[in-house]
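> Numbering (our numbering), first residue to last: 126 to 399.
By construction, the Cβ of each residue, glycine as well, lies at the ideal position given by its N, Cα and C atoms.
Note that this is a predicted model, so its numbers are computed, not measured.
Take a look at the following structure, please.
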Amino acid sequence: MPGRPMVGGRPSGNLTCHARCQCHAGRRGRGMGYARSTCRNQRGCASGPLAVQSFPKEPVMERFSQLIRATILSFAVVASAQALPLSTLLAGGTLGAGGLAFTHFSASYATSDPLRVFNAGNIDVTAIPDGSPFGAGLRFMVREGELTVQGAGAHAFIDLRMGFRVAALDPASPASGVALTMTSNGIDMRQQDHGVTIAHHVRGGPGMAGFLSQPELWVASDLLVWAADRGDTAALIVFSQHYDLEVPEPGSLPLLAVAGLAAMAVLGKRRPTS
126 MPGRPMVGGR PSGNLTCHAR CQCHAGRRGR GMGYARSTCR NQRGCASGPL AVQSFPKEPV
186 MERFSQLIRA TILSFAVVAS AQALPLSTLL AGGTLGAGGL AFTHFSASYA TSDPLRVFNA
246 GNIDVTAIPD GSPFGAGLRF MVREGELTVQ GAGAHAFIDL RMGFRVAALD PASPASGVAL
306 TMTSNGIDMR QQDHGVTIAH HVRGGPGMAG FLSQPELWVA SDLLVWAADR GDTAALIVFS
366 QHYDLEVPEP GSLPLLAVAG LAAMAVLGKR RPTS
């Protein structure tokens, strides 16, 4: 968003929400899906549709690399552009970008496979600088098939729930008093009996008036990946959340919203040919 006014060296104010997804389908089906969002406070929530792009059929999952490189802008948090494993953040690590600090990470994990153990080290988290098209935020890159599910003739799933706190680094910044707005946020992609859904929830205070004194928000994400039929594979590869602070019009409230950006693969494995 070029040309945004700056306050105190940092952008501030109105933040809108964006969501994108990508679907990669194999031989057994076409890529399809839709997106919806829930950005909630006690005043309710809203949702919006999102077009989904289909990709040529391929037998293997591709990593999506078009999300923009990240740098970390805070002297109070990790001063490195390198990704941190989610395991480090769960142990108390922090990240910062665009005048925002991301702290207090937590996660819970459930799966249909009793032998499968969650490895948080296989999810890399990178701070996205404020100069990116959607604003500052966090990118989550999944490695080693950590959120990949293969169907085996029965319903198989992974459900990862994550949470963290996002707060303005400067308590005097206009970002310290915010209201929520959003257009769309979250992903729901399904192809037959396998797919991926992502839902984001945001809480910041008891109603609109309460946001005037809120210096922080708590964000929770529920990531569900599932497959049922033999030969079907569903995988979450990368997703991100963005916060875009802009100077409001005179006399208006600073607004803060959350943007979700995700890329995932919904695949149908090729069956052996005789």
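1. Is the distance from the Cβ of residue 209 to the Cβ of residue 250 below 8 Å?
2. What is the DSSP secondary structure of residue 213, counted as helix, strand or coil?
3. Taking the beta strand (DSSP E) that residue 237 belongs to, which residues open and close that run?
4. Buried or exposed for residue 240, going by 16 or more other Cβ atoms inside 10 Å?
5. How should residue 190 be labelled, buried or exposed, when 16 other C-beta atoms within 10 angstroms of its C-beta is the threshold for buried?
6. Quick one: what does DSSP say residue 292 is sitting in, helix, strand or coil?
7. Quick check: what's the CA-CA separation for residue 424 versus residue 367?
8. Ignore the nearest five residues each way along the sequence and tell me which others in residue 286's own chain have a CB closer than 6 Å to its CB.
9. Residues bridged to residue 341 by DSSP?
10. Suppose contacts are defined by Cβ-Cβ distances below 8 Å. Is residue 319 in contact with residue 284 by that definition?
11. Tell me whether residue 262 sits in a helix, a strand or coil according to DSSP, three-state version.
Taking the structure as given:
1. Judged by beta-carbon spacing, residue 250 lies within the 8 Å limit of residue 209, meaning their Cβ atoms are closer than that value.
2. Residue 213: helix per DSSP, three-state reduction.
3. Looking at the DSSP string, residue 237 is not in any beta strand (DSSP E), and its letter there is neither H nor E.
4. With fewer than 16 other Cβ atoms inside 10 Å of its own Cβ, residue 240 counts as exposed.
5. For residue 190, the predicted structure reports a pLDDT of 29, less than 50, and the residue's modelled location is therefore unreliable. A value from the coordinates is still provided. That one is exposed.
6. Here residue 292 sits in strand by DSSP.
7. No information on residue 424 is available, as it lies outside the stretch 126 to 399 that the chain covers here.
8. Excluding sequence neighbours, residue 286 sits near 233 and 347.
9. Residue 341 pairs with 292.
10. No, Cβ-Cβ distance for residue 319 and residue 284 is not below 8 Å.
11. Correct three-state label for residue 262: strand.
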